[in-house]
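Note that my numbering has the sequence shown beginning at 1, numbered continuously upward.
Okay, structure first, notes after.
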Amino acid sequence: MKEERVPSDVIKAIFHFLGEEAHFRFPANIPKIHSAFYELSEERDLSTLFEDFVFDTSKIFPYCETVDYTLDILQKSNLLACINPGLDEFEISNALSQWNIEETELFNEKDIDLLKKAAKKFTDLVKAAYAL
1 MKEERVPSDV IKAIFHFLGE EAHFRFPANI PKIHSAFYEL SEERDLSTLF
51 EDFVFDTSKI FPYCETVDYT LDILQKSNLL ACINPGLDEF EISNALSQWN
101 IEETELFNEK DIDLLKKAAK KFTDLVKAAY AL
């Protein structure tokens, strides 16, 4: 039986491609992370990945329950760690970076190319948080 893809798999896959660089870290700036995923969802070529995401743009930042839920479950499953004494950075675990995404059959080849592109754009969007 083929595994069915859920919206959290999209975020997990994007983080997987971030983690291909050993111990990839990014700011644990929750509003910035939600905003980055919102911006990705608004990109025409990436929007198909985010069809099941609902963003509440009436708040101070575009909040998405799926993003919040996924950050939580990835941390609870030790695939994403909030590190440093100030808990101000996330680090992608080795298990997530080594996840064999092709074996899951959750994503086709076109989706995988889009996920890699989304991971690069996500990196650019959250890196700006370091500059603040």
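The beta carbon of each residue, even a glycine, is placed where N, CA and C say it ideally should be.
Beta bridge pairing from DSSP links residue 26 with 90. DSSP places residue 80 in the uninterrupted beta strand (DSSP E) bounded by 80-83. As DSSP reads the structure, residue 55 sits in a beta bridge with 64. With fewer than 16 other beta carbons inside 10 angstroms of its own, residue 84 counts as exposed.
An exposed status is given to residue 23, since fewer than 16 other beta-carbon atoms sit within 10 Å of its beta-carbon. In the three-state scheme derived from DSSP, where H, G and I count as helix and E and B as strand, residue 107 is classed as coil.
Here residue 29 is buried. Its C-beta has 16 or more other C-beta atoms within 10 Å. In the structure shown, the three-state DSSP call for residue 46 is coil. Under the DSSP assignment, residue 8 falls in the alpha helix (DSSP H) whose first and last residues are 7-18. With a threshold of 16 other beta carbon atoms within 10 Å, residue 9 meets it and is buried.
Close CB contacts of residue 18 within its chain, under the 6 Å cut and outside five residues either way in sequence, are with 24, 92, 119 (chain order).
Excluding sequence positions up to five before and after residue 117, its CB lies within less than 8 Å of the CB of 45, 46, all in the same chain and listed in chain order. A distance below 8 Å separates the beta carbons of residue 34 and residue 64.
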